[in-house]
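Chemist:
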Amino acid sequence: MGIASRPTYLDCHRSFVSSTESAKKILNNESGKFTKRYIKSIAELVGDQSLLCASHGHHKLIRGCLAFLFSASSISVFIKQFDELVVKSLGSWQDGDKIVVLHQATEITFKAMCRMLMSLENEPELQMLQEDITHVCEAMLAFPIRFPWTRFYKGLKARKRIMSTLDLIMTERRRCSQGNQKDFLQCLLVEDEKAGSDETYRMTDTEIKDNILTMIIAGQDTTASAITWMVKYLGENQDVLETLRAEQLHLAEKMSPGQFLTLEDLAEMPYASKVVKESLRMASVVPWFPRLALQDCEVEGFKIKKGWNINLDAKSIHLDPNQYNEPNKFNPSRFNDDSKGAILLLSIWDGSKNLPGSEHGESHDASLSSSSNHNIQVEGDRLRLKY
Ligand code: HEM
Numbered sequence: 346m347g348i349a350s351r352p353t354y355l356d357c358h359r360s361f362v363s364s365t366e367s368a369k370k371i372l373n374n375e376s377g378k379f380t381k382r383y384i385k386s387i388a389e390l391v392g393d394q395s396l397l398c399a400s401h402g403h404h405k406l407i408r409g410c411l412a413f414l415f416s417a418s419s420i421s422v423f424i425k426q427f428d429e430l431v432v433k434s435l436g437s438w439q440d441g442d443k444i445v446v447l448h449q450a451t452e453i454t455f456k457a458m459c460r461m462l463m464s465l466e467n468e469p470e471l472q473m474l475q476e477d478i479t480h481v482c483e484a485m486l487a488f489p490i491r492f493p494w495t496r497f498y499k500g501l502k503a504r505k506r507i508m509s510t511l512d513l514i515m516t517e518r519r520r521c522s523q524g525n526q527k528d529f530l531q532c533l534l535v536e537d538e539k540a541g542s543d544e545t546y547r548m549t550d551t552e553i554k555d556n557i558l559t560m561i562i563a564g565q566d567t568t569a570s571a572i573t574w575m576v577k578y579l580g581e582n583q584d585v586l587e588t589l590r591a592e593q594l595h596l597a598e599k600m601s602p603g604q605f606l607t608l609e610d611l612a613e614m615p616y617a618s619k620v621v622k623e624s625l626r627m628a629s630v631v632p633w634f635p636r637l638a639l640q641d642c643e644v645e646g647f648k649i650k651k652g653w654n655i656n657l658d659a660k661s662i663h664l665d666p667n668q669y670n671e672p673n674k675f676n677p678s679r680f681n682d683d684s685k686g687a688i689l690l691l692s693i694w695d696g697s698k699n700l701p702g703s704e705h706g707e708s709h710d711a712s713l714s715s716s717s718n719h720n721i722q723v724e725g726d727r728l729r730l731k732y
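Written out as structure tokens, the structure is:
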């Protein structure tokens, strides 16, 4: 079935679209009939100036300001930083240690995001911030009840603390004009201070803070769970792991010791890139994409009324047997021919004019490929390091 719809107890229709063609149309949104729609409680947690909650027109303006984060030069710096963190984390493992991949991956992705966004490396500060981010993430999945013991309330409190921390960091940056920092925050502050009356949109402090919080959340959990799924799939598919390892060893031979990955190195990892795509397809880390109908319209013959919620069901699309032969089989080689059968939702989305460019795809390709670049051996439910 392509679309399923039912009224909820709040008298608000929620429909799930599970056909690839309709998902493409809705994501590309050429006729402007749809907009992003996250529930109100999420806006309270990430802030109503966040990319996830901004209105259609406002979203475009903020996206314009944030686009450089996904530029080739930013991604180049990010790859090196990410690889450095992965190497450091793997270096701390001892043979026989019990490792919870999700925890390790979350620590790496959180640190990577904080470094990329605002060069934050101070351990106690990072630890406090990570605890607060965890409260906000938990609150996003909780029922929005505001009693001091509820997860939602704790999330709101944590958001307040995060905003104060970001305020302090921004004030300090402005006071010391630490121009040597080349991070995301610095770029936004420099833009903000540039004199002149050009038409370029400048982000307010609230927009900067809401979107830094959004980026940490958007980049941290998605990437960490994708890494975790990838490790699981590699453990279950030793032939894939061997092919991947051969590609990585070949690349390692060309690199000098202690050298970190570069953007150019990613081009030398075609198999790793397919492993990343196949892991994202099988795991559907973001299981559905919520949208709001801005006008009455029709999807696959079903009438959709203005104000209805339309959810793109990523899982059904990624496991559609009409698009993918043996959809439940982990087979990175299905992406050998990119033009055939590669209907990965993230690729449709990346190609869309209304959403971040293909570099958003590269940012997760970069982090996931970096994680696959190290000698991890998975035996059943055990992880071993091979030097
Ligand atoms: C494997 C890793 C990742 C996955 C699977 C992923 C997936 C997604 C998906 C599916 C969306 C679209 C949601 C929608 O349209 O409703 C999204 C949005 C977004 N992601 Fe990612 N993402 C990943 C990594 C990252 C990273 C590393 C960053 C930041 C550097 C990031 C920043 C964002 C932002 C800012 C948005 C909102 C874009 C907008 O509204 O214009 N993501 N991500």
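Mapping of the sequence shown onto the numbering used here: residues 346 to 732, in sequence order.
Ideal placement from N, C-alpha and C gives every residue a C-beta, glycine not left out.
1. With a floor of 4 residues, list each alpha helix (DSSP H) that falls wholly inside the segment 445 to 529, ordered by position along the chain.
2. On the DSSP letters alone, give me the boundaries of the beta strand (DSSP E) that ILE387 sits inside.
3. Based on the DSSP secondary-structure assignment, which residues constitute the bridge partners of CYS642?
4. Mapping DSSP to helix, strand and coil, what is PRO677?
5. Could you check whether the Cβ of PRO635 sits closer than 7 Å to any heavy atom belonging to ligand 1?
6. Do you know whose CA, among ARG679, GLU643, VAL585 and ALA597, lies nearest ARG626's CA?
7. Check whether the Cβ atoms of THR451 and GLN565 lie closer than 8 Å to each other.
8. Between THR380 and LEU637, which are expected to be in contact by the criterion C-beta below 8 Å, what is the C-beta distance as a whole number of angstroms?
9. Please state whether the Cβ-Cβ distance between LYS456 and LEU471 is less than 8 Å.
10. Taking only three categories from DSSP, how would you classify MET381?
11. Following a CB-centred definition, is GLY402 positioned closer than 7 Å to any heavy atom of ligand 1?
12. Closer than 8 Å by C-beta to GLN447: which residues in its own chain qualify, once you throw out the five before and the five after it? Chain order, please.
13. Can you tell me which residues form a DSSP beta bridge with ASP665?
14. DSSP three-state label for ASN556, please.
15. Can you find the residues in the same chain that come closer than 6 Å, C-beta to C-beta, to PHE634, ignoring five residues on each side of it along the sequence?
Modeler: Inspection of the coordinates gives the following:
1. Listed in chain order, the alpha helix (DSSP H) elements of length 4 or more contained wholly in the segment 445 to 529 are 446 to 463, 468 to 485 and 496 to 521.
2. It is not in any beta strand (DSSP E) - ILE387 instead sits in the alpha helix (DSSP H) that spans 385 to 391.
3. For CYS642, which the question treats as bridged, DSSP gives the partners ILE649.
4. PRO677: helix per DSSP, three-state reduction.
5. Under cutoff, so the answer is yes.
6. ARG626 has its Cα closest to that of ARG679, out of ARG679, GLU643, VAL585 and ALA597.
7. Their beta carbons are under 8 Å apart, which means THR451 touches GLN565 by this criterion.
8. About 5 Å separates the two Cβ atoms, so the contact holds.
9. Their beta carbons are under 8 Å apart, which means LYS456 touches LEU471 by this criterion.
10. A quick correction: the sequence has Lys, not Met, at residue 381. Here DSSP, grouped into helix, strand and coil, assigns LYS381 to strand.
11. The answer is no for GLY402.
12. As written in the sequence, residue 447 is Leu, which differs from the Gln given in the question. ALA569, SER570 and THR573, listed in sequence order.
13. Beta-bridge pairing links ASP665 to no other residue.
14. The answer is helix: DSSP assigns ASN556 an H, G or I state.
15. Its chain contains LEU657 as the residues whose beta carbon lies nearer than 6 Å to that of PHE634, once the 5 sequence neighbours on both sides are disregarded; these appear in chain order.
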